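Everything below concerns the one structure shown next.
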Amino acid sequence: MVGKKRLINIEWSLILVIANEIPGDFIECGVWRSGSSIFVRAVFKALNINDRHVWLTDSFHDLPKAKTNNDNDHWSKKEYLKVSLEEVEENFRSFNLLDNQVHFCKGYFIDSLSRCNVSNIAVLRMDGDMYGSTMD
Numbered sequence: 074m075v076g077k078k079r080l081i082n083i084e085w086s087l088i089l090v091i092a093n094e095i096p097g098d099f100i101e102c103g104v105w106r107s108g109s110s111i112f113v114r115a116v117f118k119a120l121n122i123n124d125r126h127v128w129l130t131d132s133f134h135d136l137p138k139a140k141t142n143n144d145n146d147h148w149s150k151k152e153y154l155k156v157s158l159e160e161v162e163e164n165f166r167s168f169n170l171l172d173n174q175v176h177f178c179k180g181y182f183i184d185s186l187s188r189c190n191v192s193n194i195a196v197l198r199m200d201g202d203m204y205g206s207t208m209d
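This is the structure we're talking about:
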């Protein structure tokens, strides 16, 4: 869950990118229920930004098993962290924000990031939860 301070940080990042005409999209790696990405899409919509996209990459079903000593496997067993792609899409729909500027890349980062067709990244938000997946 992302609090107000982190949302303000995301908003400022977007505003700086837009004001300085830095090309690229927003991508979030690890989205849980998609609150941050919904917020970004809402900011783009409020500012009438039609040439930037929101990319979400996640397994949309679980966390990977621990691969290193830096990871704690108890996170991969938490049921409340398992959120489906359908639930995330419905969350966007509930705010009328699911449109052609929102893209989903399903799978663990090591597999899904290479399939995302992102040409330029202006803002990246990493929330990989596990050391191994963040390093991937």
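If you read the sequence shown in the working numbering, its first letter stands for residue 74, the second for the next number, and so on. Each residue gets a CB set at the ideal place from its N, CA and C atoms; glycine is no exception. These figures come from a predicted structure and were not determined experimentally.
Are the CB atoms of residue i and residue j nearer to each other than 9 Å?
i, j, result
"residue 109", "residue 79", "yes"
"residue 161", "residue 131", "yes"
"residue 67", "residue 89", "An answer regarding residue 67 cannot be provided, because it is not within the stretch 74 to 209 covered by the chain."
On the criterion of 16 or more Cβ atoms from any shown chain inside 10 Å, does residue i qualify as buried, or is it exposed?
i, result
"residue 126", "buried"
"residue 198", "buried"
"residue 114", "buried"
"residue 120", "exposed"
"residue 168", "exposed"
"residue 170", "buried"
Select from the options the residue whose C-alpha is nearest the C-alpha of residue i.
i, options, result
"residue 156", "194, 104, 188", "104"
"residue 192", "169, 170, 97", "97"
"residue 122", "91, 132, 131, 101", "91"
"residue 184", "82, 89, 102, 77", "102"
"residue 180", "189, 93, 170, 88", "189"
"residue 187", "100, 172, 118", "100"
Thinking residue i and residue j are a contact (beta carbons under 8 Å), I'd like their distance in whole angstroms, please.
i, j, result
"residue 196", "residue 86", "5 Å"
Among residues of its own chain, excluding the 5 on either side of residue i, which ones have a beta-carbon nearer than 7 Å to its beta-carbon?
i, result
"residue 84", "116"
"residue 177", "129, 158"
"residue 164", "106, 107, 111"
"residue 75", "108, 109"
"residue 118", "170"
"residue 194", "97, 98, 100"
Between which residues of its own chain and residue i is the CB-CB distance below 6 Å, once the five residues before and five after are set aside?
i, result
"residue 133", "157, 158, 179"
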